[in-house]
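J.: Numbering (our numbering), first residue to last: 5 to 139.
We put the CB at the ideal spot given by N, CA and C, even for glycine.
Computed from a predicted structure; not experimentally measured.
One structure, pasted below without further comment.
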């Protein structure tokens, strides 16, 4: 019974950490995308920006974990930051929706451009965060 109770507490804690991070990440995403839309930028720019931002911080955190001599980046911290906060800050579903929208409209060049730039930008920013963390 004690083992079952501690397992339940661990699961509930994980759910709480991911949920808390998700709330914060989605609020940050909402604020950033709302602010960028005020500049009348193309619709994919806010999505691109938050995805690159999340990728940058993911790379930075990965470098900290790799270089950590201690275990300060424990599983609970990673659940909160990576799965919760960065997972909801980045917008894969919005990215796919934007691509699908452009495919439906037969905007082939724009579809290719958004896809290529988003994937390359995400990798570039993840690498930049990783390199910064290793500096």
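Any idea what DSSP makes of residue 82, helix, strand or coil?
T.: Position 78 of the chain shown, counted from the first residue, corresponds to residue 82. If DSSP states are grouped into helix, strand and coil, residue 82 belongs with the helices.
J.: For residue 24, report the span of its alpha helix (DSSP H) as first-last.
T.: If you number the chain shown from 1, residue 24 lands on position 20. Taken as a continuous stretch (DSSP letters only), the alpha helix (DSSP H) holding residue 24 covers 6-41.
J.: Less than 7 Å between the CB of residue 9 and some heavy atom of the ligand SAM, yes or no?
T.: The ligand SAM is absent from the structure shown, which contains no ligand whatsoever.
J.: On the CB-based measure, 16 or more other CB atoms within 10 Å of its CB, does residue 99 come out buried or exposed?
T.: Along the chain shown, one-based indexing puts residue 99 at 95. Its Cβ being crowded by 16 or more others within 10 Å, residue 99 is buried.
J.: Just to confirm my understanding: we take residue 66, look at its own chain, exclude 5 residues before and 5 after, and list those with CB closer than 7 Å. What are they?
T.: By 1-based counting over the chain shown, the position of residue 66 is 62. 134, listed in sequence order.
J.: Whole angstroms is fine: what's the gap from residue 79's alpha carbon to residue 103's?
T.: Translated into the one-based positions of the chain shown, residue 79 becomes position 75. Translated into the one-based positions of the chain shown, residue 103 becomes position 99. Rounded to whole angstroms, residue 79 to residue 103 spans 34 Å at the Cα level.
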